[in-house]
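Residue numbers (the numbering used here): 108 to 355.
One structure below.
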């Protein structure tokens with residue numbers, strides 16, 4: 108009976124104390140910034156740790172690739188316009204000759220078809236030229252939202268490659284705490300549950316809400332990742348800070 112009483116008392120104590128998880132602050136809106144086109148970096152306007160605003164220019168690349176595409180588009184357009192002018196002159200002459208029955212209607216129809224085809228090619232070439240011209244706006248890579256630069260992997264003179272992250276931008280207005288919870292403790296949590304979060308280095312203690320339970324366990328530790336949202340007026344909270352989550 109004494110042993111049973113001790114076990115019950117210990118269980119009641121654990122239930123009263125709840126469960127405390129160690130975690131870290133993360134940004135739930137972290138973006139890898141890259142360029143759409145390949146080109147040499149001509150200017151880098153930000154540094155690691157710098158706060159930036161939405162649409163602020165982060166870095167720029169040269170326009171050689173787009174310049175080449177634009178030149179090709181302009182040459183194609185000019186060629187088709189010259190051909191159309193010549194065909195149109197020839198068509199008008201053949202129409203006059205047809206009235207005098209000096210050429211066949213078949214010849215006139217062929218020239219009319221050639222003129223129509225060239226008009227189509229001119230329209231396509233103009234659209235292509237406009238498309239290439241619009242690409243100049245992508246030479247200046249801008250911030251998609253407010254945030255802080257947490258990583259910068261480019262320098263002036265280096266080649267920027269599409270798909271290769273050049274800058275990592277972290278949104279400090281959308282911070283959460285991530286932690287791992289043992290499989291055996293999953294019954295203590297559910298979406299929307301209120302928990303107590305703490306960031307010891309800043310002496311912050313607040314109420315948070317479980318917003319995500321990632322349904323994929325770590326096979327080595329048999330733990331699941333959870334995310335907790337929280338609100339604080341302290342602007343010194345940054346991703347990577349140590350934090351705890353207390354679950355009643």
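Built from N, CA and C at the ideal position, the CB exists for glycine as well.
Does the ligand GDP have even one heavy atom less than 7 Å from the beta-carbon of residue 153? In the structure shown, the ligand GDP is absent, as is every other ligand, since no ligand is present at all.
Under the rule that 16 or more other beta-carbon atoms within 10 Å means buried, what is residue 263, buried or exposed? Reading the chain shown from its first residue, position 156 is the one you call residue 263. Exposed, because fewer than 16 other Cβ atoms sit within 10 Å of the Cβ of residue 263.
Exposure of residue 267, with buried meaning 16 or more beta-carbon neighbours within 10 Å: As a first step, residue 267 is located in the chain shown; it is residue number 160 there, counting from the start. Buried.
C-beta atoms of residue 314 and residue 350 nearer than 8 Å: By 1-based counting over the chain shown, the position of residue 314 is 207. By 1-based counting over the chain shown, the position of residue 350 is 243. Cβ atoms of residue 314 and residue 350: not closer than 8 Å.
Which value, in whole angstroms, describes the spacing of the CA atoms of residue 170 and residue 246? The count along the chain shown starts at 1 and reaches residue 170 at position 63. The count along the chain shown starts at 1 and reaches residue 246 at position 139. Roughly 7 Å between the two C-alpha positions.
Just to confirm my understanding: we take residue 287, look at its own chain, exclude 5 residues before and 5 after, and list those with CB closer than 8 Å. What are they? Counting from one through the chain shown, the residue named residue 287 turns up at place 180. Cβ neighbours of residue 287 beyond the five flanking positions: 128, 130, 325, 328, 330, 331, 332, 333.
Please name the residue, chosen from 251, 281, 348, 346, that lies closest to residue 165 on a Cα-to-Cα basis. As a working note, residue 165 is residue 58 in the chain shown. Nearest Cα to residue 165 within the set 251, 281, 348, 346: 251.
Taking the alpha carbon of residue 139 as the reference point, which residue from 186, 272, 352, 206 has its own alpha carbon closest? In the chain shown, the residue the question calls residue 139 occupies position 32. Of the listed residues, the one whose Cα sits closest to residue 139 is 272.
Which class does residue 115 belong to by DSSP, given the choice of helix, strand or coil? In the chain shown, counting from the first residue as 1, residue 115 sits at position 8. Note on residue 115: pLDDT 34, under 50, position unreliable in the model; the coordinate value appears next. Residue 115 falls in the helix class under three-state DSSP.
State the Cα-Cα distance for the pair residue 353 and residue 297, rounded to the nearest angstrom. On the chain shown, residue 353 is found 246 positions in, with the first residue counted as 1. On the chain shown, residue 297 is found 190 positions in, with the first residue counted as 1. About 14 Å.
First and last residue of the uninterrupted beta strand (DSSP E) at residue 287: As a working mapping, residue 287 is identified with position 180 in the chain shown. Start and end: 282 to 289.
So, helix, strand or coil for residue 325, using DSSP? Residue 325 sits at position 218 when you count from the first residue of the chain shown. DSSP places residue 325 within a strand segment (E or B) once states are collapsed to three.
Can you check whether the CB of residue 317 is closer than 8 Å to the CB of residue 335? Position 228 of the chain shown, counting from 1, holds the residue named residue 335. Position 210 of the chain shown, counting from 1, holds the residue named residue 317. Contact check for residue 335 against residue 317 passes: the beta carbons are separated by less than 8 Å.
Less than 8 Å between the CB atoms is what I'm expecting for residue 188 and residue 145, so what's the real figure, rounded? Within the chain shown, residue 188 is the residue found at index 81, counting from 1. Within the chain shown, residue 145 is the residue found at index 38, counting from 1. Between residue 145 and residue 188 the Cβ distance is about 31 Å, and since that is not below 8 Å, they are no contact.
Straight-line gap, residue 295 to residue 322 (C-alpha atoms, nearest Å): Taking the chain shown and counting its residues from 1, one reaches residue 295 at position 188. Taking the chain shown and counting its residues from 1, one reaches residue 322 at position 215. In a straight line, the C-alpha of residue 295 is about 15 Å away from that of residue 322.
Taking 8 Å as the cut-off, decide whether the C-beta atoms of residue 133 and residue 269 are in contact. By one-based count along the chain shown, residue 133 stands at place 26. By one-based count along the chain shown, residue 269 stands at place 162. Not in contact: residue 133 and residue 269 (Cβ atoms no closer than 8 Å).
When DSSP labels each residue in this structure, what does residue 172 get in the three-state scheme? Working through the chain shown from its first residue, we reach residue 172 at position 65. In this structure, residue 172 counts as helix in the three-state DSSP scheme.
Measure the C-alpha to C-alpha separation of residue 240 and residue 182 and round it to an integer number of angstroms. Along the chain shown, read from residue 1 onward, the residue named residue 240 stands at position 133. Along the chain shown, read from residue 1 onward, the residue named residue 182 stands at position 75. In a straight line, the C-alpha of residue 240 is about 14 Å away from that of residue 182.
What does DSSP give as the partner residues of residue 177 in its beta bridges? Mapped onto the chain shown, residue 177 falls at position 70. DSSP lists no partner for residue 177.
When the Cα atoms are used, what is the spatial distance from residue 218 to residue 242? Taking the chain shown and counting its residues from 1, one reaches residue 218 at position 111. Taking the chain shown and counting its residues from 1, one reaches residue 242 at position 135. So the two alpha carbons sit approximately 36 Å from each other.
For residue 338, which residues of its own chain have a beta-carbon under 8 Å away from its beta-carbon, when the five flanking residues on both sides are left out? Numbered from 1 along the chain shown, position 231 holds the residue referred to as residue 338. Excluding residues within five positions, the ones whose Cβ falls inside 8 Å are 313.
With a CB to CB cut of under 8 Å and the five nearest residues on each side skipped, what residues in its chain are close to residue 215? The residue you call residue 215 lines up with position 108 of the chain shown. Once the five neighbours on either side are set aside, the close Cβ partners of residue 215 are 198, 201, 202, 205.
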